[in-house]
Amino acid sequence: MELRIFCGLFFGVAALISAVVKSEHISVEENAAALSGYNAKGLRSIAQGSAQQAHSAVAQQHAAAQQASFLAKSTLAQTALQAAATAQAALAGKRVLLHTLEEQTSIAHEAFKGELIQLRLAKQAAATANAAAVKIASHVSLLTSALNSAQEASFRAQETSSHTMSELASQEAMVETAKAKYQAVQEELSHVRIDFEATKAAAENASEAAIEAQNNAAKAGVQASIGLHEAAVAVEKPDIEENSNLLDGGHDLHH
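The sequence shown lines up with residues -23 to -1, 1 to 232 when you count with mature numbering (1 follows the signal peptide of the UniProt record, and there is no 0).
This is how it looks when you write it as structure tokens:
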């Protein structure tokens, strides 16, 4: 009977450890869905808080009473696994944000290069128009017979030059705007990369703590099984000694 009780407790311990391990995958998916709406700094705070919870669970495991160590450590191991799942979900959200900003940075950079090309063309057109205006203006003093036509041509050239200079100024403003946007996105990308590395480190830290908690729970289960086995042996030993004494007494009566 004692052996039957021992086997029942042993298989119950094994089933509890299996349930704790399987709950890790479910917690990762649920926490990832719950954290999809958080911003970059919020995800980092969640991951770091989860790491602290995991470490706190490990610390509480060591402080648990010896008589209830297996149950307490198994519960704390599940808490650590859930914290690690939350940190992994925060890491997934941070990775999506990083990928989006990298794409935006690439698009902004291409737009900036296009505006630089347009600026170069505008400068060339402005230089050509200015050269034409200067040449025509010099001909005015030399060509007195064609003064009116030369003055009209000069006026038109100056008007074209003014229009070209206006377009040049507008193009320069567009280049500055594109440059400022590119720099802003690049700076945001740099901050997100820093936050991503910090979040990744926190997630890895939480995972390590969860693994340590699982190992502690497994060790506690083994120790509990050994204790139950020793208790069963201790109960069976007096029965064996009593049967031996009865046999010895019968031997004496026979003689």
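Where is the CB? At the ideal position from N, CA and C, for every residue including glycine.
Between the C-alpha atoms of residue 110 and residue 103 there is a straight-line separation of about 10 Å. Secondary structure at residue 121: coil, using DSSP grouped into helix, strand and coil. Contact annotation, residue 187 with residue 69: C-beta distance approximately 17 Å; criterion of less than 8 Å not satisfied. For residue 199 and residue 206, the gap between their C-alpha atoms comes out near 11 Å.
The beta carbons of residue 151 and residue 92 sit closer together than 9 Å. Note that the C-beta distance between residue 190 and residue 57 is below 9 Å.
When 89, 129 and 99 are compared, the shortest CA-CA separation from residue 113 is found for 129. Taking the Cβ atoms as the reference, residue 166 lies roughly 5 Å from residue 82, within the contact range of under 8 Å. In this structure, residue 169 sits away from residue 96, with a CB-CB distance that is not shorter than 9 Å. Excluding the 5 residues flanking it on each side, residue 89 has same chain C-beta neighbours closer than 7 Å at 155, 156 and 159, in chain order. Within its own chain, no residue has a Cβ closer than 8 Å to the Cβ of residue 108 once the five positions on either side in sequence are excluded. Taking the C-beta atoms as reference points, residue 25 is found nearer than 9 Å to residue 175. The C-alpha of residue 180 is placed about 51 Å away from the C-alpha of residue 98.
In this model, residue 30 and residue 161 are separated by some 35 Å (Cα to Cα).
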